[in-house]
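J.:
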Amino acid sequence: MSESVHAVQHQVDHQLEHDREHGGGGHADTASLNKRVALLIAVIALFLAFSETLGKSAQTAALNHQIEASNLWNFFQAKSIRRTTTLVAAEQSKLDLITSANDEQKAAISKQVDEWSKTAARYRSEPEAANGKGEGTVELSRRAIEEQHERDTALARYHHYEVASAAFQIGIVLASATVITGIVALSFLAGGLGIVGLAFMAIGLFAPHAVHLM
Numbered sequence: 000m001s002e003s004v005h006a007v008q009h010q011v012d013h014q015l016e017h018d019r020e021h022g023g024g025g026h027a028d029t030a031s032l033n034k035r036v037a038l039l040i041a042v043i044a045l046f047l048a049f050s051e052t053l054g055k056s057a058q059t060a061a062l063n064h065q066i067e068a069s070n071l072w073n074f075f076q077a078k079s080i081r082r083t084t085t086l087v088a089a090e091q092s093k094l095d096l097i098t099s100a101n102d103e104q105k106a107a108i109s110k111q112v113d114e115w116s117k118t119a120a121r122y123r124s125e126p127e128a129a130n131g132k133g134e135g136t137v138e139l140s141r142r143a144i145e146e147q148h149e150r151d152t153a154l155a156r157y158h159h160y161e162v163a164s165a166a167f168q169i170g171i172v173l174a175s176a177t178v179i180t181g182i183v184a185l186s187f188l189a190g191g192l193g194i195v196g197l198a199f200m201a202i203g204l205f206a207p208h209a210v211h212l213m
C-alpha cells in the first residue's frame, strides 16, 4: 500500500482507540459505525493485497515473455542469415555445374548442391527439434509471435490489476475518512470503489483483452 494509505489507517486506528477509551451511551452509535467501517476497510485491504500480488505476478510474466520473444527473434535472424548464405552458395554451385566439363566434378558439385539444399530446407522448417517445438525459421517466428501474444496478455492483466489497486486504495482512504469525519456517505463511496476494483480484477483475470486501457 502507498504511504498515504498507511498514514490514513494510522489515524483511523488512533480514532478507534480514542472511541474505545471514551465509549459510553452517547458514543454507542459512533462506535458501532466505526466497527462496521473498520470491517469494510479490512475487506478492501484484503482485496488490495490480492490485486497487488496478481499485478506483480503479471508484470514478471510479461517481462519473461518479452525476454523469450527477443531470444526467439534473435535465433530466427541467425537461422535466416545461415539459410540465405547456404542458398546463395547452392545457386553459385549450380552455375559452376553448368560450366564444368568434368563428370567427376559435376557429380561432386551436384552432391554438394543437394546437401546445401537440404540444409537450407532444415533451416526453414525443423519441427522435430527442441522437443517438438521446432527450430526452423517457420517455427521460430511462430513461437516468437506466441510469446509476444502472451506478453501482451500479461501486460493487459497488469494494467487492470493496477486500476483495481488504485480503486481499492482510494476506497480505503474514503472509508477511513468516515471514521474521522463521521460522514457515512464516504463509506458507501468506498464500497462502490471496492466493487469497481473487484470488477477490474475479474476482467484482468478472466478477460484481459475485453477492456483496452492502454
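Numbering (numbering that gives the first Met the number 0), first residue to last: 0 to 213.
Positions of the beta carbon are idealized from the N, C-alpha and C atoms, including for glycine.
So, using beta-carbon positions, are GLY193 and PHE49 closer together than 8 angstroms?
T.: By 1-based counting over the sequence shown, the position of residue 193 is 194. By 1-based counting over the sequence shown, the position of residue 49 is 50. Cβ atoms of GLY193 and PHE49: not closer than 8 angstroms.
J.: Closest to ALA189 by CA distance: which of ALA37, THR29, LYS93, ALA120 is it?
T.: Position 190 of the sequence shown, counting from 1, holds the residue named residue 189. Of the listed residues, the one whose Cα sits closest to ALA189 is ALA37.
J.: Sorted by chain position, which residues of the same chain lie with C-beta nearer than 8 angstroms to GLU127's C-beta, five sequence neighbours on each side aside?
T.: Your numbering for residue 127 matches position 128 in the sequence shown. Excluding residues within five positions, the ones whose Cβ falls inside 8 angstroms are GLY133.
J.: Less than 6 angstroms between C-beta atoms, sequence neighbours within five positions excluded: which residues of the same chain meet that for GLU51?
T.: Within the sequence shown, numbered from 1, the residue matching residue 51 stands at position 52. SER164.
J.: Tell me whether ASN130 sits in a helix, a strand or coil according to DSSP, three-state version.
T.: Translated into the one-based positions of the sequence shown, residue 130 becomes position 131. Of the three classes helix, strand and coil, the one that applies to ASN130 here is coil, per DSSP.
J.: Could you check whether the stretch 172 to 184 touches the stretch 93 to 112, counting it as contact only if at least three pairs of C-beta atoms, one from each stretch, sit closer than 8 angstroms?
T.: These segments do not touch.
J.: Residue ranges of each alpha helix (DSSP H) run of no fewer than 4 residues wholly in the stretch 124 to 184, ordered along the chain?
T.: Listed in chain order, the complete alpha helix (DSSP H) runs (minimum 4 residues) inside the stretch 124 to 184 are 136 to 180.
J.: Which residue wins for smallest C-alpha separation from TRP115, given the options LEU185, ARG82, HIS159?
T.: Counting from one through the sequence shown, the residue named residue 115 turns up at place 116. The candidate whose alpha carbon is nearest that of TRP115 is ARG82.
J.: Return the CA-CA distance between HIS208 and ALA155, expressed in angstroms with no decimal places.
T.: Position 209 of the sequence shown, counting from 1, holds the residue named residue 208. Position 156 of the sequence shown, counting from 1, holds the residue named residue 155. Looking at the two C-alpha atoms, the distance is approximately 7 angstroms.
J.: Answer yes if the stretch 54 to 73 comes into contact with the stretch 138 to 155, meaning at least three C-beta pairs across the two stretches below 8 angstroms, and no otherwise.
T.: The answer is yes - the stretch 54 to 73 touches the stretch 138 to 155, with three or more Cβ pairs under 8 angstroms.
J.: Distance, Cα to Cα, GLY215 vs GLN65?
T.: With the chain represented from 0 up to 213, any question about residue 215 goes unanswered, as that position is not in the structure.
J.: Among THR118, ARG121, ASP95, which residue has its Cα nearest to the Cα of GLU109?
T.: As a first step, residue 109 must be located in the sequence shown, where it is residue number 110. Correcting the residue type first, residue 109 is Ser in the shown sequence and not Glu. For the residues THR118, ARG121, ASP95, the minimum Cα distance to SER109 belongs to ASP95.
J.: Is TYR122 near GLY131, with beta carbons less than 8 angstroms apart?
T.: The residue given as residue 122 occupies position 123 in the sequence shown. The residue given as residue 131 occupies position 132 in the sequence shown. Against a cut-off of 8 angstroms, the Cβ pair of GLY131 and TYR122 comes out as no contact.
J.: Whose C-alpha, out of ALA30, GLU67, LYS78, ALA184, is nearest the C-alpha of HIS148?
T.: Numbered from 1 along the sequence shown, position 149 holds the residue referred to as residue 148. Answer by Cα proximity: GLU67.
J.: Can you list, in chain order, the residues of its chain with a C-beta nearer than 6 angstroms to that of GLY170? Leave out the 5 residues immediately preceding and following it.
T.: Start at 1 with the first residue of the sequence shown, and residue 170 comes out as number 171. Around GLY170: ILE43, ALA189, LEU192, GLY193.
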